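Colleague:
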Amino acid sequence: MSDFRTCSITGLKVHLPAEKLIKINAVTAIVFLLVGGILGLLLVLTRWQAVHLLPPEFFYRFLTLHGIAMLVAWIIFWEMAALYLTSAILLNSRLAVPWVGWLQYLLMLVGGGLVAVIILLGGADVMFTSYVPLKADPLYYLGIILFAVGAILGCVVFFATLVVAKTEGTYSGSLPLVTYGAAAAAIIAIITLSHGAIVFIPTLLWSAGLIPPMDAEVYRLIFWGFGHSSQQINVCTMVAVWYMLGTLTVGSTPVNEKVCRTAFVLYILFINIASEHHILVDPGFSAAHKSWNTSYFMHLAVLASMIHAFSVPAALEVALRKKGYTRGTFEWLKKAPWGNPGFSALFLSLVGFGFLGGTTGVIFGTEQLNILSHNNLRIPGHFHATVVAGTTLAFMGATYYVLPLIFQREVAFPWLAKIQPYLFGIPIMVFSTFMMVAGGFGVSRRSADMYGSGGFSVEYSPIVDISLSIMGISGVVACLGGAAFCVIAVATLIIGKKIEAK
Amino acid sequence: MDLKPEEHPKGSFVLVMIFFVVFLALYLLNWKFLSEIWIVG
Amino acid sequence: MSITPVPPGWWKMPLHKEEKIWISIALIWCIAITIAMPAWHFVGQQNSSQEYYTISAEDYNTLAEDFMEKYKTGTETAGDWEWDVVTPPPGSDIFLRGMQWKWDPILKLKKGETYRLHLSSIDVLHGLSIHPLNMNFEAVPGWDYVLTITPTQAKEYRIICNEFCGADHHGMIGKIIVE
Numbered sequence: 000m001s002d003f004r005t006c007s008i009t010g011l012k013v014h015l016p017a018e019k020l021i022k023i024n025a026v027t028a029i030v031f032l033l034v035g036g037i038l039g040l041l042l043v044l045t046r047w048q049a050v051h052l053l054p055p056e057f058f059y060r061f062l063t064l065h066g067i068a069m070l071v072a073w074i075i076f077w078e079m080a081a082l083y084l085t086s087a088i089l090l091n092s093r094l095a096v097p098w099v100g101w102l103q104y105l106l107m108l109v110g111g112g113l114v115a116v117i118i119l120l121g122g123a124d125v126m127f128t129s130y131v132p133l134k135a136d137p138l139y140y141l142g143i144i145l146f147a148v149g150a151i152l153g154c155v156v157f158f159a160t161l162v163v164a165k166t167e168g169t170y171s172g173s174l175p176l177v178t179y180g181a182a183a184a185a186i187i188a189i190i191t192l193s194h195g196a197i198v199f200i201p202t203l204l205w206s207a208g209l210i211p212p213m214d215a216e217v218y219r220l221i222f223w224g225f226g227h228s229s230q231q232i233n234v235c236t237m238v239a240v241w242y243m244l245g246t247l248t249v250g251s252t253p254v255n256e257k258v259c260r261t262a263f264v265l266y267i268l269f270i271n272i273a274s275e276h277h278i279l280v281d282p283g284f285s286a287a288h289k290s291w292n293t294s295y296f297m298h299l300a301v302l303a304s305m306i307h308a309f310s311v312p313a314a315l316e317v318a319l320r321k322k323g324y325t326r327g328t329f330e331w332l333k334k335a336p337w338g339n340p341g342f343s344a345l346f347l348s349l350v351g352f353g354f355l356g357g358t359t360g361v362i363f364g365t366e367q368l369n370i371l372s373h374n375n376l377r378i379p380g381h382f383h384a385t386v387v388a389g390t391t392l393a394f395m396g397a398t399y400y401v402l403p404l405i406f407q408r409e410v411a412f413p414w415l416a417k418i419q420p421y422l423f424g425i426p427i428m429v430f431s432t433f434m435m436v437a438g439g440f441g442v443s444r445r446s447a448d449m450y451g452s453g454g455f456s457v458e459y460s461p462i463v464d465i466s467l468s469i470m471g472i473s474g475v476v477a478c479l480g481g482a483a484f485c486v487i488a489v490a491t492l493i494i495g496k497k498i499e500a501k
Numbered sequence: 063m064d065l066k067p068e069e070h071p072k073g074s075f076v077l078v079m080i081f082f083v084v085f086l087a088l089y090l091l092n093w094k095f096l097s098e099i100w101i102v103g
Numbered sequence: 427m428s429i430t431p432v433p434p435g436w437w438k439m440p441l442h443k444e445e446k447i448w449i450s451i452a453l454i455w456c457i458a459i460t461i462a463m464p465a466w467h468f469v470g471q472q473n474s475s476q477e478y479y480t481i482s483a484e485d486y487n488t489l490a491e492d493f494m495e496k497y498k499t500g501t502e503t504a505g506d507w508e509w510d511v512v513t514p515p516p517g518s519d520i521f522l523r524g525m526q527w528k529w530d531p532i533l534k535l536k537k538g539e540t541y542r543l544h545l546s547s548i549d550v551l552h553g554l555s556i557h558p559l560n561m562n563f564e565a566v567p568g569w570d571y572v573l574t575i576t577p578t579q580a581k582e583y584r585i586i587c588n589e590f591c592g593a594d595h596h597g598m599i600g601k602i603i604v605e
């Protein structure tokens, strides 16, 4: 059993090949977060109209890379680490076929790297969505395909590990809730990444001049099966991470396993069709088709999120009440460990995702209400609340536990770690809110200059100026919060005090 | 899980009800905004 | 613990009162917001159109050019750009052509009158955003999207392109005049 060590903190058996893969995926994720974050700073300083930093060419180029680096690379690399953690480590098992895990890593690294280089060389100024017939270099599409195939392999390793753990009897009873949630995310991932492969293979061939272009609307339909559903992987993983952080920070147990697990099943069944809310103001689809699909089959996936919205804080509350904080309605909340970055990240992520991201997601994705939201700043406002204030912040909180448990080092600069979730989470919520306010007044997304370029000028409500300034300032502060996270993570790896293994 | 009366998640229930009211208000406000634009169909 | 395996029997655990109430509220809400969408097609006046046709970019372009020639009442310039000003009769079929990086033509419409707006693009995707109404629709090459519109306020509107369409995407700003 030389392939294992025993964790001195949790007593879990840690499979060393799995640990290596978790480390390398997590580190790569943080590198992409850093790259995306620097670009994010430049972009927010451009959209903050009073500063208006970048010329259009670089704005569009950096915006494309910012989307890919954050939405795809940072999050999916981190999710790969989470898949290996929740399978091999939590189940006390060996990781099945580690070489496939390495293949996953290499394909994603080569794919992600290729995409980043092509974008920076100016070969793919097409945005994250790369709608045909806007054309990018064939290598751009190839890079995305490699990345998607790599991520699918990571899911395969995850499921193979579940089978190994079951057959080798490394645990008894049902899967831990967190692993169950990760499994739901992996199922969604396979569905959505397959859409990516389906849509990008013909696009690659078209870009290489081998076949005629596909219909622009068909591309939009299938692309969003990848582009939005891949965000549902994040939602699902984030919810699993919430439950994990609840246990790690206050020792919580789900109040009702049946409820939580049923909600995850609702995600698997219904969340993918929701991608169609991107085509609500498009030709080619009937109203019945649009409202049925974008209502996630009677909004049952929304129901799942609303269930978690109660189950997650309820688990925390019950755990804290069992510790004796039973006075009144909110004593447990006051006495919660707010100085623990794992806990504060969890709670802020829950608030940001729910109040800002979740509500606006349902509203903007309502068939008719989408007329008011399509492609204006309300949309990036919405997804910065879900993917940044929600997913990214939750992953940051979890990283504060991955560092000691997997990297076996004490978190560096604990005083900074203590405030980092606030420094990042609160400004990003303000940022998202005011982005949505500006969007509500008709400010377009993905625009290098909302006043035009020498033709007709555009006038906006004075609220827009104020909103964009608040958005700019809070965006810059959020970048500082993100930078603090990267500094802590990197410093921990280099100078963090080693935790002795038993 | 068995809970004693004082261990019930009452606070979380209040929190989700606040969430629900916010959701409802934003939702209705958006329909109001929608009804103010041009007629289109 | 959510990170440790769960012993059998968890499926039979009853729900607590708070859970039951919240899940019931959430379920009713989800059904209500689903029904709201078809309902608005009957009680509301702002819906995404269901009328659309596939058409080649060339054919659409010919129709749009013919339309502009037929109802042209003047021209207008701003910066290096020049537009035809087109005044179609109420109730007619009108065209709004998206191209890199221009919305053609400048439409002059009458308040309270209904028009059949044919929206499309002859190159890449464009986004129609009527400003400051914040009404947004997608212009898709190969598809003629027919929006039956009735302007309800007299005003000079801008049309902002809000779907990224290349280098001068932000400069793609047109005009609709409602009298």
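Chains as they are written, first to last, in the working numbering: chain G, 0 to 501; chain H, 63 to 103; chain U, 427 to 605. The C-beta atom is built at its ideal place from N, Cα and C for all residues, glycine as well. If you're wondering where the values come from, they're calculated on a predicted model, not measured in any experiment.
Which residues of chain G have a Cβ atom closer than 8 Å to the Cβ of Lys94(H), listed in chain order?
Modeller: Those within 8 Å of Lys94(H) in chain G number zero; the least Cβ separation is about 11 Å.
Colleague: Can you round the beta-carbon distance between Gln231(G) and Ile189(G) to whole angstroms, since I take them to be within the 8 Å contact cut?
Modeller: Not confirmed; about 12 Å, so no contact.
Colleague: Bridge partners for Glu582(U) per DSSP, in chain order?
Modeller: Glu582(U) pairs with Ile603(U).
Colleague: Going by DSSP, which residues form a beta bridge with Val436(G)?
Modeller: Answer is none; Val436(G) lacks a bridge partner.
Colleague: When burial is assigned at 16 or more other CB atoms within 10 Å of the CB, is Lys321(G) buried or exposed?
Modeller: Label assigned to Lys321(G): buried.
Colleague: Could you tell me whether the segment 539-549 of chain U touches the segment 557-572 of chain U, where touching means 3 or more Cβ pairs closer than 8 Å?
Modeller: These segments touch.
Colleague: State the CB to CB distance for the pair Pro431(U) and Tyr170(G), rounded to an integer number of angstroms; the pair is presumed to be in contact (CB under 8 Å).
Modeller: The Cβ separation is near 4 Å, so the contact holds.
Colleague: Take every Cβ of the segment 437-447 of chain G, pair it with every Cβ of the segment 46-64 of chain G, and state whether three or more of those distances are shorter than 8 Å.
Modeller: Cβ pair count under 8 Å is three or more, so yes.
Colleague: Quick one: Cα of Met89(H) to Cα of Thr358(G), how far?
Modeller: Sequence inspection shows Tyr at residue 89(H); the Met mentioned does not correspond to that position. Rounded to whole angstroms, Tyr89(H) to Thr358(G) spans 8 Å at the Cα level.
Colleague: In whole angstroms, what separates the C-alpha of Arg377(G) from that of Ala313(G)?
Modeller: Distance between the alpha carbons of Arg377(G) and Ala313(G) is about 31 Å.
Colleague: With the cut-off set at 8 Å, would you say Met395(G) and Phe430(G) are in Cβ contact?
Modeller: No, the Cβ-Cβ distance between Met395(G) and Phe430(G) is not below 8 Å.
Colleague: Please decide whether Thr501(U) counts as near chain G, where near means a Cβ-Cβ distance under 8 Å.
Modeller: No, its Cβ sits nowhere closer than 8 Å to a Cβ of chain G.
Colleague: Should Gln526(U) be flagged as near chain H, meaning a C-beta pair shorter than 8 Å?
Modeller: Not closer than 8 Å to any Cβ of chain H, the Cβ of Gln526(U) fails to qualify, so no.
Colleague: Rounding to the nearest angstrom, what Cα-Cα distance links Trp466(U) and Val301(G) in this structure?
Modeller: Going by the C-alpha atoms only, they are around 20 Å apart.
Colleague: Quick check on DSSP: helix, strand or coil for Val71(G)?
Modeller: DSSP places Val71(G) in helix when its eight states are reduced to three.
Colleague: Give the single residue among Pro55(G), Ser92(G) and Ile221(G) whose Cα lies nearest to the Cα of Asp2(G).
Modeller: That would be Ser92(G), whose Cα lies nearest to the Cα of Asp2(G).
Colleague: Can you say whether Gly435(U) is buried or exposed, counting buried as having 16 or more other CB atoms within 10 angstroms of its CB?
Modeller: By the 10 Å Cβ count, Gly435(U) comes out exposed.
Colleague: Does Glu316(G) pass the burial test, meaning 16 or more other C-beta atoms within 10 Å, or should it be called exposed?
Modeller: Flag for Glu316(G) reads buried.
Colleague: Report the rounded CA-to-CA distance for Lys289(G) versus Asp281(G), giving the unit in angstroms.
Modeller: Answer to the nearest angstrom: the Cα atoms are 10 Å apart.
Colleague: Using CA coordinates, which residue listed in Val410(G), Val457(G), Val463(G) and Met428(G) is at the minimum distance from Ile436(G)?
Modeller: Note on residue identity: the sequence assigns Val, not Ile, to residue 436(G). It is Val463(G).
Colleague: Three or more beta-carbon pairs under 8 Å between the segment 75-93 of chain G and the segment 15-29 of chain G, yes or no?
Modeller: At 8 Å Cβ cutoff, the stretches touch.
Colleague: What are the start and end residues of the alpha helix (DSSP H) that includes Ile487(G)?
Modeller: Where Ile487(G) is concerned, the enclosing alpha helix (DSSP H) stretches over Pro461 to Ile494.
Colleague: Determine the DSSP secondary structure at Phe342(G), reduced to helix, strand or coil.
Modeller: Of the three classes helix, strand and coil, the one that applies to Phe342(G) here is helix, per DSSP.
Colleague: For Ser546(U), report the span of its beta strand (DSSP E) as first-last.
Modeller: Looking at the DSSP string, the run of the beta strand (DSSP E) that includes Ser546(U) is Tyr541 to Ser547.
Colleague: Which runs of the alpha helix (DSSP H) fall wholly inside the segment 42-121 of chain G and span at least 4 residues, in chain order?
Modeller: If we require 4 residues or more, the alpha helix (DSSP H) runs fully inside the segment 42-121 of chain G come out as 55-66, 74-83 and 97-119.
Colleague: At the level of alpha carbons, what is the spacing between Phe127(G) and Leu40(G)?
Modeller: Whole-angstrom Cα-Cα distance: 18 Å.
Colleague: Look at Ala483(G) and Gly424(G) and say whether their C-beta atoms are less than 8 Å apart.
Modeller: No, the pair does not count as a contact, with Cβ atoms beyond the cut-off.
Colleague: Which stretch, first to last residue, makes up the alpha helix (DSSP H) that contains Val301(G)?
Modeller: Note, Val301(G): alpha helix (DSSP H), Tyr295 to Lys321.
Colleague: Could you tell me which chain U residues have their CB closer than 9 Å to the CB of Ile101(H), listed as they occur along the chain?
Modeller: Ordered by position in chain U, the residues that pass the 9 Å Cβ test against Ile101(H) are Gln471, Gln472, Thr540, Thr574, Ile575, Thr576, Pro577 and Thr578.
Colleague: Taking Cβ-Cβ distances below 7 Å as the criterion, which residues of the segment 307-320 of chain G are in contact with chain H?
Modeller: Answer in chain order: Ala308, Phe309, Pro312, Ala313, Glu316, Val317 and Arg320.
Colleague: Output yes if chain U places a C-beta closer than 8 Å to the C-beta of Ser348(G); else output no.
Modeller: Judged by the 8 Å Cβ criterion, Ser348(G) is not in contact with chain U.
Colleague: Alpha carbon to alpha carbon, how far is Ile210(G) from Leu563(G)? Give it in angstroms, no decimals.
Modeller: In the structure as shown, chain G starts at 0 and stops at 501, and residue 563(G) therefore has no counterpart that could be examined.
Colleague: Using CA coordinates, which residue listed in Ile494(G), Gly380(G), Glu458(G) and Val475(G) is at the minimum distance from Ile556(U)?
Modeller: Of the listed residues, the one whose Cα sits closest to Ile556(U) is Glu458(G).
Colleague: What's the C-alpha gap between His595(U) and Val76(H)?
Modeller: Between His595(U) and Val76(H), the C-alpha separation is close to 47 Å.
Colleague: Evaluate contact between the segment 213-228 of chain G and the segment 191-204 of chain G, counting only Cβ atoms and requiring at least three cross-stretch pairs below 8 Å.
Modeller: Touching, yes.
Colleague: On a CA-only basis, which of Ala286(G), Ile67(G), Tyr179(G) and Val350(G) is nearest Phe263(G)? Give me that one, please.
Modeller: Out of Ala286(G), Ile67(G), Tyr179(G) and Val350(G), Tyr179(G) has the C-alpha closest to the C-alpha of Phe263(G).
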